[in-house]
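J.:
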Amino acid sequence: MSASILIVAEHDGTTLGAGTARCVACATTVAQAEITVVVCATDASAVARQAAALRGVHRVLTVEHPIHAHPLAAAIAPQIAALAGPYTLVLGPSSTFGKDLMPRIAALLDTAQVSDIMAVEGPHRFRRPIYAGNAIVTVEIPEGTKVVGTVRTASFRAAGAGGTAQIEKIDAPLEPPSHTRFVSTSAAKSDRPDLQTAARVISGGRALGSAEAFQMLYRLADKLGAAVGASRAAVDAGYAPNELQVGQTGKIIAPELYVAIGISGAIQHLTGIKDARTIVAINKDPQAPIFEVADIGLVGDLFEIVPQIEKLL
Amino acid sequence: MKRIVVGIKRVVDYNVRIRVKPDGSGVVLDGVKMSVNPFDEIALEEALRIKERGGAEEVVVATIGPSDCQAQLRTCLAMGADRALHVLSDAPTEPLATARILLKLIEREQPFLVLLGKQAIDDDNGQTGQMLAALWRRPQATFASKIELGEGKAQVTREVDAGLETLEVDLPAVVTVDLRLNEPRYVKLPEIMKAKKKPLEALPLESLGVTPGAHLTTVRVAVPPQRQKGIRVENAAALIAALKEKGLLTS
Ligand SMILES: Cc1cc2nc3c(=O)[nH]c(=O)nc-3n(C[C@H](O)[C@H](O)[C@H](O)COP(=O)(O)OP(=O)(O)OC[C@H]3O[C@@H](n4cnc5c(N)ncnc54)[C@H](O)[C@@H]3O)c2cc1C
Ligand SMILES: Nc1ncnc2c1ncn2[C@@H]1O[C@H](COP(=O)(O)O)[C@@H](O)[C@H]1O
Numbered sequence: 001m002s003a004s005i006l007i008v009a010e011h012d013g014t015t016l017g018a019g020t021a022r023c024v025a026c027a028t029t030v031a032q033a034e035i036t037v038v039v040c041a042t043d044a045s046a047v048a049r050q051a052a053a054l055r056g057v058h059r060v061l062t063v064e065h066p067i068h069a070h071p072l073a074a075a076i077a078p079q080i081a082a083l084a085g086p087y088t089l090v091l092g093p094s095s096t097f098g099k100d101l102m103p104r105i106a107a108l109l110d111t112a113q114v115s116d117i118m119a120v121e122g123p124h125r126f127r128r129p130i131y132a133g134n135a136i137v138t139v140e141i142p143e144g145t146k147v148v149g150t151v152r153t154a155s156f157r158a159a160g161a162g163g164t165a166q167i168e169k170i171d172a173p174l175e176p177p178s179h180t181r182f183v184s185t186s187a188a189k190s191d192r193p194d195l196q197t198a199a200r201v202i203s204g205g206r207a208l209g210s211a212e213a214f215q216m217l218y219r220l221a222d223k224l225g226a227a228v229g230a231s232r233a234a235v236d237a238g239y240a241p242n243e244l245q246v247g248q249t250g251k252i253i254a255p256e257l258y259v260a261i262g263i264s265g266a267i268q269h270l271t272g273i274k275d276a277r278t279i280v281a282i283n284k285d286p287q288a289p290i291f292e293v294a295d296i297g298l299v300g301d302l303f304e305i306v307p308q309i310e311k312l313l
Numbered sequence: 314m315k316r317i318v319v320g321i322k323r324v325v326d327y328n329v330r331i332r333v334k335p336d337g338s339g340v341v342l343d344g345v346k347m348s349v350n351p352f353d354e355i356a357l358e359e360a361l362r363i364k365e366r367g368g369a370e371e372v373v374v375a376t377i378g379p380s381d382c383q384a385q386l387r388t389c390l391a392m393g394a395d396r397a398l399h400v401l402s403d404a405p406t407e408p409l410a411t412a413r414i415l416l417k418l419i420e421r422e423q424p425f426l427v428l429l430g431k432q433a434i435d436d437d438n439g440q441t442g443q444m445l446a447a448l449w450r451r452p453q454a455t456f457a458s459k460i461e462l463g464e465g466k467a468q469v470t471r472e473v474d475a476g477l478e479t480l481e482v483d484l485p486a487v488v489t490v491d492l493r494l495n496e497p498r499y500v501k502l503p504e505i506m507k508a509k510k511k512p513l514e515a516l517p518l519e520s521l522g523v524t525p526g527a528h529l530t531t532v533r534v535a536v537p538p539q540r541q542k543g544i545r546v547e548n549a550a551a552l553i554a555a556l557k558e559k560g561l562l563t564s
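Line order of the protein sequences matches chains R and B.
The letter at position 166 of the first sequence is residue 166 when you use our numbering, and the numbering goes up by one with no holes.
The letter at position 159 of the second sequence is residue 472 when you use our numbering, and the numbering goes up by one with no holes.
In structure tokens form, the structure reads like this:
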């Protein structure tokens, strides 16, 4: 028997989010998966084409309504729940988009959600982290039960190109509720690589001491083509904006290279970098817990070391 | 009465390094320090500040869990909550069941605002608030870093991947809170004494007419793979050499 899987696409109106290709990759690890991607947008054509080109996708559904100019869970969830009938598994990325949306869908479907799926062990068995990633639990749902999941995107490599899925438009979209309205977004467009998908990340902690000092990290990052990240302490202190936070309550990332500068390595921070290929730590305290996970450690004062690195590059 | 309900979960304290049981049946909880989920403390703090500004008349905290949760409810009363509701359940409830039970309490209490944490740091599910909002057929605003109340509506600033997003929601609504919303107050000793006299109502789960139901079974709990021990380098030049050796600085 094949497993029919519905994936809710994340996008900004024109570009399919990187997390969706990783959801597709996760879905393809389910035996005999038949994968449908659904795009809710005002004009879904561009995003639907990108989804249809992902290898492994069988079908793309589009739902067009002006309300979907911004992703409102209250508007998208009833629409997805209405479409979910034939599917056994409904997936979204565990980005803030998916974390906000998917549980609302699950409740409307009167079913459970498995959050942060890191591996599929069988059609009804999934692995996910708990306790900030300090334990991994395998959960099972009874056969024949529908389940909703968010995909821990750092655990999967994005599905490649080569798909030729059909695109079908849903004719009568649901009338969304009016109780939730989009007001504004601060999303700063940056030319730097996206923290969530960058191959290299330079991260700073409380030790930087100021937003000005963080500029030093931006310069280093630019030389390396890297994204910049931050610890919660650095964000709380206002040295870096909140979207740069890495960790349990920030972003979970899996770059090739992660450089932690003046970050102690609290468990909540380490949760976010467990899947990094190589971790470099620069810290003046040789006992700092970050050194327990670092592949390359350098004990010393960041205000001396970072300028030296910059010069040597 | 203008009322706010705050959902509270008792969890392993965030400073504890948990241990997985050797038989893979769960994590060791015996003798481990338990606390109010840190996000729920922030939710309660926000409710108290709203009340102190005159935006609400009563703050009610609610938890579903074993009898031991009383200690955490008392902490919340000491922080300033007016009343506590304790739905007794020895077995942990899945988020959907938790949401169903919270909905029963909401139907009884008729709050204009429900504040929950964005996630409980034990299971890291991050589901209950959104599920509750869906079942209640009311708006949700998740990951809040700012809440401004108006007449019959609220503007909520949310921490999203791209930065900050502001939504307007009609009330009543469910808001789940993020870490930067506020910094919870410390509880002072006299408040702890006073809290002992505040009402704490215990409700047997059966009295609410909900059967929690479970969808998920735990097959096993395992220790995550450990990273291999790394190397130390002496200076910036050695660091760059080590990175080049790993092929990480070719371009
Ligand atoms: C529920 C919850 C969720 C959380 N979520 C997150 C999260 O998502 N992400 C996160 O990062 N944190 C999170 N935290 C916070 C976490 O517990 C730590 O408080 C935080 O990560 C500390 O940040 P830091 O390492 O920058 O600061 P600190 O712990 O203060 O470390 C600073 C480090 O800099 C070093 N240092 C100082 N001066 C220098 C110098 N001149 N040169 C070199 N090194 C120097 C020090 O030796 C120290 O190790 C969370 C906490 C809670 C309770
Ligand atoms: N057993 C519970 N009793 C009361 N509130 C809860 C309970 N479990 C979760 N919550 C609330 O729901 C939030 C999210 O929890 P979760 O969905 O489990 O990550 C928590 O921060 C609490 O505010």
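Don't be surprised by glycine CBs; every beta carbon is placed ideally from N, CA and C.
Under 8 Å Cβ to Cβ from B/Val-319, same chain only, skipping five residues before and after it: list those, please.
T.: Excluding residues within five positions, the ones whose Cβ falls inside 8 Å are Asp-353, Ala-356, Leu-357, Ala-360, Val-372, Val-373, Val-374, Ala-375, Cys-389, Ala-394, Val-427, Leu-428, Leu-429.
J.: What does R/Glu-256 touch in chain D if you count any residue whose Cβ is under 8 Å from its own?
T.: The chain labelled as chain D is not found among the protein chains of the depicted structure, namely R and B.
J.: How many angstroms separate the CA atom of R/Ser-201 from the CA atom of B/Arg-540?
T.: In the sequence on display, residue 201 of chain R carries Val and not Ser. C-alpha separation (whole angstroms): 19 Å.
J.: Can you check DSSP and say which residues form a bridge with R/Ser-184?
T.: Paired residue(s): B/Thr-479.
J.: Comparing alpha-carbon positions, which option in B/Leu-445, B/Gly-463, B/Lys-334 lies nearest B/Pro-455?
T.: Here residue 455 of chain B is Thr; the residue named in the question, Pro, does not match the sequence. The candidate whose alpha carbon is nearest that of B/Thr-455 is B/Leu-445.
J.: For R/Gly-344, report the span of its alpha helix (DSSP H) as first-last.
T.: Given a span of 1 to 313 for chain R in the structure shown, any question on residue 344 of chain R remains unanswerable.
J.: Less than 9 Å between CB atoms is the rule here; does R/Leu-312 satisfy it with respect to chain B?
T.: Closer than 9 Å to some Cβ of chain B, the Cβ of R/Leu-312 qualifies, so yes.
J.: Let me check one thing: in DSSP terms, what residues is R/Arg-128 bridge-paired to?
T.: R/Val-137, per the DSSP bridge assignment.
J.: Can you give the beta carbon distance from R/Val-137 to B/Thr-531, rounded, assuming they're within the 8 Å contact cut?
T.: Their Cβ separation, rounded to whole angstroms, is 6 Å, which keeps R/Val-137 and B/Thr-531 in contact under 8 Å.
J.: Would you mind reading off the limits of the alpha helix (DSSP H) that contains R/His-269?
T.: Unbroken alpha helix (DSSP H) run through R/His-269: 267-270.
J.: Would you mind stating whether R/Ala-165 and R/Val-57 have Cβ atoms separated by less than 9 Å?
T.: It is a contact, given that the beta carbons lie within the stated cut-off.
J.: Just to confirm before moving on: does the CB-CB distance between B/Lys-431 and B/Thr-479 stay below 9 Å?
T.: The answer is no: Cβ separation not under 9 Å.
J.: Considering only residues of the same chain and omitting the five flanking positions on each side of R/Tyr-334, which have a CB-CB separation below 7 Å?
T.: Outside the displayed range of chain R (1 to 313) lies residue 334 of chain R, so it cannot be described from this structure.
J.: May I have a chain-ordered list of the beta strand (DSSP E) segments no shorter than 3 residues that lie completely inside the stretch 15-89 of chain R?
T.: Correct list: 33-41, 57-64.
J.: Can you pull the DSSP bridge partners for R/Gln-308?
T.: Answer is none; R/Gln-308 lacks a bridge partner.
J.: What I want to know is whether the C-beta of B/Asn-438 ends up closer than 8 Å to one or more non-hydrogen atoms of ligand 2.
T.: Yes - ligand 2 has a heavy atom lying nearer than 8 Å to the Cβ of B/Asn-438.
J.: Contact check, B/Leu-494 vs B/Ala-457 under 8 Å by CB: the rounded distance?
T.: Indeed they touch by this definition, with Cβ atoms about 6 Å apart.
J.: Looking at R/Ile-267 and R/Ala-135, is the spacing between their C-beta atoms short of 9 Å?
T.: Against a cut-off of 9 Å, the Cβ pair of R/Ile-267 and R/Ala-135 comes out as no contact.
J.: Within the continuous alpha helix (DSSP H) that includes R/Ala-237, where are the two ends?
T.: Segment: none, R/Ala-237 is in no alpha helix (DSSP H) and carries neither H nor E.
J.: Under a CB-based cut-off of 9 Å, is B/Arg-316 close to chain R?
T.: Taking Cβ atoms only, chain R never reaches closer than 9 Å to B/Arg-316, which makes this a no.
J.: Please name the residue, chosen from B/Arg-421, B/Leu-552, B/Gly-367, B/Ala-384, that lies closest to B/Ile-505 on a Cα-to-Cα basis.
T.: Of the listed residues, the one whose Cα sits closest to B/Ile-505 is B/Ala-384.
J.: Starting from the N-terminal side, write out each stretch of the alpha helix (DSSP H) that is 4 residues or longer and does not extend beyond the stretch 351-375 of chain B.
T.: Entirely contained in the stretch 351-375 of chain B, the alpha helix (DSSP H) runs reaching 4 residues are, in chain order, 351-365.
J.: DSSP state of B/Leu-516, grouped into three classes?
T.: Strand.
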